[in-house]
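Going by our numbering, the sequence shown opens with residue 1, and the numbers climb by one from there.
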Amino acid sequence: MQLLQESFFILKCTGLWKPASCYGWRSWLYNLYTLIIICNSWMFVISQSLDLVLTSNSIEDFTNILFLLLSVLVVCGKINNMLSGRKLMDKLIYSFNKYPFKPESDDEVNIQNRFNRINRINTILYWGVNKISVTVFSFRKIVELQPTHILPYGGWFPYDHTKPIIYWFTAVSQLMAPVMAANMTGGYDSFFCGLMMQLCAQVEILKHRFNNKLDNLEKKNLINLNPSVHKNIEKKIFSDIIEHHIAILRMAYDVNSFFSKIVFLQYSLSSIVLVASVYILAGLKPGSLQFTSGLIYLLCMFYQIALLCTSGHEISLAFEELGDSIYNSNWLNLTSSKSQKNMIIMMSRMLRPFVIKSGHFVTLNMDSLKYLVKLSYSIYNLL
Numbered sequence: 001m002q003l004l005q006e007s008f009f010i011l012k013c014t015g016l017w018k019p020a021s022c023y024g025w026r027s028w029l030y031n032l033y034t035l036i037i038i039c040n041s042w043m044f045v046i047s048q049s050l051d052l053v054l055t056s057n058s059i060e061d062f063t064n065i066l067f068l069l070l071s072v073l074v075v076c077g078k079i080n081n082m083l084s085g086r087k088l089m090d091k092l093i094y095s096f097n098k099y100p101f102k103p104e105s106d107d108e109v110n111i112q113n114r115f116n117r118i119n120r121i122n123t124i125l126y127w128g129v130n131k132i133s134v135t136v137f138s139f140r141k142i143v144e145l146q147p148t149h150i151l152p153y154g155g156w157f158p159y160d161h162t163k164p165i166i167y168w169f170t171a172v173s174q175l176m177a178p179v180m181a182a183n184m185t186g187g188y189d190s191f192f193c194g195l196m197m198q199l200c201a202q203v204e205i206l207k208h209r210f211n212n213k214l215d216n217l218e219k220k221n222l223i224n225l226n227p228s229v230h231k232n233i234e235k236k237i238f239s240d241i242i243e244h245h246i247a248i249l250r251m252a253y254d255v256n257s258f259f260s261k262i263v264f265l266q267y268s269l270s271s272i273v274l275v276a277s278v279y280i281l282a283g284l285k286p287g288s289l290q291f292t293s294g295l296i297y298l299l300c301m302f303y304q305i306a307l308l309c310t311s312g313h314e315i316s317l318a319f320e321e322l323g324d325s326i327y328n329s330n331w332l333n334l335t336s337s338k339s340q341k342n343m344i345i346m347m348s349r350m351l352r353p354f355v356i357k358s359g360h361f362v363t364l365n366m367d368s369l370k371y372l373v374k375l376s377y378s379i380y381n382l383l
């Protein structure tokens, strides 16, 4: 079963996920494409950073440069994270097609497909919002262009960019940087959220699998099996369920560890980006192209961090509901004291909340989203 196809398609198009069928000269060409994307992104960050330090003379100039600079800077971190962790991600995705993650019945396949549909909708919607935002924003910059004099996003360069050929080369590279950044953000973030959805699917499959095994055990009770045979069946049930639960936890910890630093960076800088965006909007005329593009960008940034926090919140709820589901199962069919003790131990382990942390400081949930909005509002009031 192929998972996260939409996210992989976006990542492949942005140079972050080389297809397995890409070899020989195609591989070299794809690597060159990836290198161009990386260099263009970093050139944008460096030129904007120098412009921020050397030429900004007012808070308006400072915020105008800062809010887009930070967004592309986070994307540069995502590029490095995805390219350096390709082998780990391959391993994680491959694990979903093996025991104990692979669905074993039609009901489990239906559960998997349900979460796949949710993830597909989220990915397409999120990527669409990013594309609309960057399209409107880029259109505004193109309208404001004054060839050979004013670049789309300003910036400081160690060469004279007023010559036509050099100007257009620099202008096109600047216009492409946010466009590619939006696409890479769509692929990277949807990939993270997709993995969260897959973990939620595994928790649902685990609940279904446990309840189904207990129901089958009840039917076997009516047959009056030999006590030793019955005991072995119960032992096998708990062995499989505990193995599946531990595998899900390990997978969740691996995913959290891989994305933790970048998600923390994005969460930390989002408050600054939101404040800068609101500050810029406050000085623009409502209904103007500048105001419209800025507002769409602000909503896109909020949607971005909200999606990450919501994904972390959903996986925490899934693990929380797992304990309740196990308790409400037909566990009275367990006859051996050993199985009952295993039941108690398993439920005790599930009482501990599972949370997705970013940078070991921020917990991804709805409370973190509320705190970020309050923090952004407080910083804006100080300005």
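Beta carbons: idealized from backbone N, C-alpha and C, even for Gly. The structure displayed is predicted, hence computed values, not measured ones.
- Residue burial is scored here from C-beta neighbours: G294 has at least 16 other C-beta atoms within 10 angstroms and is therefore classed as buried.
- According to the DSSP secondary-structure assignment, S358 is paired through a beta bridge with V362.
- If you ignore the 5 residues before and after L11, its C-beta comes within less than 6 Å of the C-beta of W17, G187, all in its own chain and listed in chain order.
- The continuous alpha helix (DSSP H) containing C13 extends over residues 5-13.
- Rounded to whole angstroms, the gap between the alpha carbons of A171 and R250 is 46 Å.
- Between the C-alpha atoms of L175 and S277 there is a straight-line separation of about 19 Å.
- Taking a cut-off of 8 Å for Cβ pairs, the stretch 335-346 and the stretch 295-303 do not touch, as fewer than three such pairs fall below it.
- As the crow flies, the alpha-carbon of L217 is around 46 Å from that of F264.
- For L372 and P178, the gap between their C-alpha atoms comes out near 24 Å.
- Under the Cβ criterion (8 Å, minimum of three pairs), the stretch 186-203 counts as touching the stretch 111-127.
- Secondary structure in the stretch 94-173: the alpha helix (DSSP H) runs of 4 residues or longer, each lying completely within the stretch, are 106-143 in chain order.
- Contact between the stretch 284-298 and the stretch 89-104 is absent: fewer than 3 CB-CB pairs across the two stretches fall below 8 Å.
- In this structure, the CA atom of S95 is about 53 Å from the CA atom of D160.
- If you ignore the 5 residues before and after A181, its C-beta comes within less than 7 Å of the C-beta of S41, S71, V72, V75, all in its own chain and listed in chain order.
- In the structure shown, A252 adopts helical secondary structure according to DSSP, grouped into three states.
- Per DSSP, Y303 is one residue of the alpha helix (DSSP H) stretching across 289-327.
- Taking the Cα of L52 as reference, the smallest distance to any Cα among S105, I344, I65 is reached at I65.
- S228 counts as exposed, since fewer than 16 other beta carbons sit within 10 angstroms of its beta carbon.
- Closest in C-alpha terms to F157, from the list S47, L299, Y33, comes S47.
- Counting the other Cβ atoms within 10 Å of the Cβ of L54 gives fewer than 16, which makes it exposed.
- Taken through DSSP and simplified to helix, strand or coil, N80 comes out as helix.
- The beta carbon of S325 is closer than 7 Å to those of K207 in its chain, skipping five residues each way along the sequence.
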